[in-house]
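Residue numbers (mature numbering (1 follows the signal peptide of the UniProt record, and there is no 0)): -18 to -1, 1 to 239. Note that CB positions come from ideal geometry on N, CA and C, so glycine has one too. Quick notes on the structure that follows.
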Amino acid sequence: MKRIISIFAAAAACAAIAASCSSSPKSNVKVDAELPSAAETDSVSYLIGINFGSFIKGYNFGDDLNFAEIKKGMMDFINAEGNQRDPEFNKQFKINPMDMNRLFNDFLSKRNEYEAAVNKAEGEKFMQENKMKEGVVSTDSGLQYIIEEAGNEVKPGPKDTVFVQYTGTLLDGTVFDESDKEKDPVRFTLNRVIKGWTEGLQYVGEGGKIQLFVPDSLAYGARRTGNIGPNSTLLFDIEVVKVGKVPAEEEKEVAKR
């Protein structure tokens, strides 16, 4: 809520600056101070636009929003008369700003419920069709995988560390995460990653390559994570560069806990 208000306050400030710079000062008194230049105003305006963009992108709004209404609401607020602390102030708007939190959360909830249902259905359809393809192995958990290169006999256990190069994509081909292939492989502990990785990487040895087809139940479930929507099925191409085995003594200590 505070973040939303701060963005609208920034927009109001931008408009006020633009208005002051586009008109002559009301006072004829000579002073050494100067108003911001047009270029400075443009820079601030642009940065406030970035702030808006960051907010919109952060909530994955995309094309959901009506930008004409955003502009109208912003200008209505800027042109509103009176003091914000006045109980009558909010009556100037077609929607009471005090309802922002409720309406905003309702909007997000409905959008997420719809997206979750679509992702669930699309994921189930994909997994059903994918398991019929040549080379695809299905496990009891619902995980599917293809071993491209088996690697050596050193396979990670559920508590071991793996050093990997990987690419993660959504069903539409969008890359949501990947390692930098020009740098050292990324280190993960298998009991601290999604269930699909914990299970899947135990099927391939050091130096091996595997494709994982991870249903939402073995990924992030109904939780939205960055660019990953709720109930998303995830696809991974993974190369296990190195396996770091947990010492036997440490394995015993973990087992005792």
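Q: Give a yes or no on contact between the region 200 to 215 and the region 86 to 106, applying the rule of three or more CB pairs nearer than 8 Å.
A: yes
Q | P140 beta carbon less than 8 Å from that of L172 | A | yes
Q. Can you name, in chain order, every residue of its own chain whose Cβ lies under 8 Å from the Cβ of M109, other than the five neighbours on each side?
A. G124, Q126, F195, P197 and T215
Q) Does the region 132 to 147 come close enough to the region 178 to 185 that 3 or more CB-CB pairs lie under 8 Å? A) yes
**Q.** Three-way DSSP call (helix, strand, coil) for D219 in this model
**A.** strand
(Q) By the three-class DSSP mapping on this structure, what secondary structure does Y202 have? (A) coil
Q) Just how far apart, CA to CA, sit E160 and F75? A) 46 Å
Q. What do you get for E221, buried or exposed, if any count of 16 or more other CB atoms within 10 angstroms of its CB means buried?
A. buried
Q: Taking only runs that begin and end inside the region 5 to 57, name each unbroken alpha helix (DSSP H) of 4 or more residues, in chain order.
A: 20 to 40
Q) Could you give the distance in angstroms between the alpha-carbon of E106 and the alpha-carbon of K113? A) 11 Å
Q) Can you give the Cα-Cα distance for V100 and F86, rounded to whole angstroms? A) 21 Å
Q: Verify whether the separation of the beta carbon atoms of K227 and P167 is less than 8 Å.
A: no
Q | Identified DSSP bridge partners for V146 | A | V168 and V222
Q: State the Cα-Cα distance for the pair C3 and N61, rounded to the nearest angstrom.
A: In this prediction, C3 scores a pLDDT of 43, lower than 50, which makes its location untrustworthy; the coordinate-derived value is nonetheless stated afterwards. Their Cα atoms are separated by approximately 17 Å.
Q) Does DSSP put K227 in a helix, in a strand, or in coil? A) coil
Q.
Here's a check: name, in chain order, each residue in its chain whose Cβ is nearer than 8 Å to the Cβ of Y41, leaving out the five neighbours to either side.
A. L90
Q) Which value, in whole angstroms, describes the spacing of the CA atoms of Y202 and K177? A) 9 Å
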